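Chains as they are written, first to last, in my numbering: chain A, 42 to 272; chain B, 45 to 216.
Quick reminder that beta carbons are idealized off the backbone N, C-alpha and C, glycines included.
Keep in mind it's a predicted model, so treat the numbers as computed, not measured.
Everything on this sheet refers to the single structure shown next.
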């Protein structure tokens with residue numbers, strides 16, 4: 042968010058005290074929680090951070106331990122990492138490219154309905170991606186190594202068909218199957234097929250014959266999709 | 045010769061998952077940031093832990109950095125400071141080390157530094173010291189009260205008053 046005092050003296054003072062840092066842990070946690078929900082407080086904190094930052098010039102630089110970068114990199118490379126929602130536009134472009142290669146003869150619905158993605162804790166936030174002409178079909182909650190997906194009310198029931206979830210990493214030639222979705226209720230599917238994937242990943246839902254695609258590729262139209270980013 | 049990327053650019057590329065950019069960001073800022081952490085924790089091991097955790101947060105949070113903000117440095121340093129403060133608050137207090145003399149204010153390289161210096165100097169000297177001890181050294185209210193030999197409540201109200209004066213001066 043941009044940096045700006047709120048104009049509310051109490052709020053601006055709280056922000057200044059937080060940035061100054063002398064308050065106790067409980068107070069800091071409370072302010073952090075408030076700032077996550079209150080952009081005015083977050084903006085005031087940002088304002089103070091920039092204004093007080095020159096004080097760090099009073100501290101001499103010190104070379105960190107030589108192995109510190111390796112430790113950071115190792116932590117980045119851990120198999121279980123948080124996801125975050127990606128901008129919708131990129132997904133649409135790449136999805137169009139993939140659709141062109143799909144076997145489906147049925148015209149894909151114009152536009153895509155997007156999934157509501159919830160980030161895993163601690164930074165849990167619901168990101169509502171733009172809805173296309175169709176209503177959203179599924180609610181997906183992505184965690185580090187699994188996705189929990191539930192059909193939304195109004196999802197068309199398709200007799201003799203099943204919805205199937207696929208993952209398409211950026212640059213991959215074809216999507217990988219993640220799992221067939223149950224006709225009713227919520228499913229939790231392991232994202233093991235995407236364990237090595239990084240960067241932008243599309244989650245796609247296609248309509249398949251009952252039991253799912255008989256091949257390793259979608260045979261039916263891709264009807265729902267969204268894009269996530271794996272750090 | 046390759047151009048030296050600006051910090052906000054490196055942050056933007058980091059937000060896109062560019063690990064080389066993240067590495068460049070680390071190489072450029074780590075000594076300064078480690079110094080900041082070490083000044084607060086006064087312990088190399090805990091400062092390393094704080095810096096490591098801070099950089100993971102920077103990696104995860106790079107997309108949230110708003111490029112319209114005045115300073116990428118300030119955002120990075122704040123993440124590091126907050127981690128170091130959390131670490132030191134959780135530590136068992138050891139014998140109080142004497143605080144190192146703060147060097148003279150370095151040449152201002154930005155309007156922010158000049159403004160802060162001017163506004164700080166409008167505070168009475170003991171309040172200036174209070175602000176510096178809190179921000180640079182990371183002392184808690186209790187530690188400040190003990191150092192200044194003043195009641196806790198007094199220290200808190202001194203800090204609040206000092207911040208109000210700084211806020212008025214800096215936004216004027």
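The DSSP-derived three-state label of residue 243/A is strand. Neighbours of residue 183/A in chain B, taken as residues at a C-beta separation under 7 Å, are lacking, since the least C-beta distance is about 15 Å. With the criterion set as a beta carbon lying under 9 Å from some beta carbon of chain B, the members of the segment 82-104 of chain A are 86, 87, 88, 89, 90, 91, 92, 93, 94, 95, 96, 97, 98, 99, 100, 101, 102, 103 and 104, in sequence order. Within the same chain, Cβ atoms closer than 6 Å to the Cβ of residue 111/B are found at 52, the five residues on either side in sequence being excluded. Close to residue 83/B, with beta-carbon spacing below 8 Å, are these residues of chain A in chain order: 100. Bridge pairing for residue 202/A: 250/A [DSSP]. Assignment of residue 99/B by DSSP, reduced to helix, strand and coil, places it in the helix class.
If you draw a straight line from the Cα of residue 102/B to the Cα of residue 105/A, it comes to about 17 Å. The C-alpha of residue 203/A is placed about 24 Å away from the C-alpha of residue 213/A. Within chain B, the residues placing a beta-carbon under 8 Å from that of residue 106/A are 88 and 92, ordered along the chain. Chain-ordered, the chain A residues with CB closer than 9 Å to the CB of residue 175/B read 61, 93 and 96.
With its beta carbon at least 8 Å from every one in chain B, residue 219/A lies outside the interface.
Against chain B, the CB of residue 205/A has no partner CB under 8 Å away; the residue lies outside that interface.
Taking 8 Å as the threshold, the shortest C-beta distance from residue 117/A to chain B falls below it. Cβ contact annotation for residue 98/B (same chain, cutoff 6 Å, sequence separation greater than five): 123, 124 and 127, in chain order.
Apart from sequence neighbours up to five positions away, the residues of its chain that approach residue 66/B with a beta-carbon distance below 7 Å are 58 and 103, ordered along the chain.
With a threshold of 8 Å between beta carbons, residue 66/A makes contact with chain B. Apart from sequence neighbours up to five positions away, the residues of its chain that approach residue 116/B with a beta-carbon distance below 6 Å are 51, 52 and 55, ordered along the chain. In the structure shown, residue 48/B falls within a coil segment according to DSSP collapsed to helix, strand and coil. At least one CB of chain B lies nearer than 8 Å to the CB of residue 112/A. Residue 199/A has its alpha-carbon roughly 52 Å from the corresponding atom of residue 45/A. For the segment 231-258 of chain A, residues whose beta-carbon sits nearer than 9 Å to a beta-carbon of chain B comprise 239, 240 and 241. Between the C-alpha atoms of residue 92/A and residue 183/A there is a straight-line separation of about 38 Å. The DSSP-derived three-state label of residue 78/B is helix. Per DSSP, the unbroken beta strand (DSSP E) holding residue 231/A starts and ends at 228-231. Residues of chain B with a Cβ closer than 7 Å to the Cβ of residue 57/A are, in chain order, 207 and 211.
Our two residues, residue 57/A and residue 90/B, have alpha carbons roughly 25 Å apart in a direct line. Residue-level contact by beta carbon holds for residue 204/B and chain A, with a gap shorter than 8 Å. Here residue 179/A carries a strand assignment [DSSP, helix/strand/coil]. Residue 235/A is not a Cβ neighbour of residue 190/A, given a cutoff of 8 Å.
Within chain B, no C-beta atom comes less than 8 Å from the C-beta of residue 75/A; the nearest is roughly 15 Å away. A residue is called buried once 16 or more other Cβ atoms fall within 10 Å of its Cβ, and residue 43/A, having fewer, is exposed. Proximity of residue 109/A to chain B, defined by a Cβ-Cβ separation below 8 Å, is satisfied. Listed along the chain, the chain A residues whose CB falls inside 9 Å of the CB of residue 160/B are 92, 93, 94, 95 and 96. Look at residue 188/A here: in three-state DSSP terms it is strand.
Collapsing the DSSP output to three states places residue 267/A in a strand.
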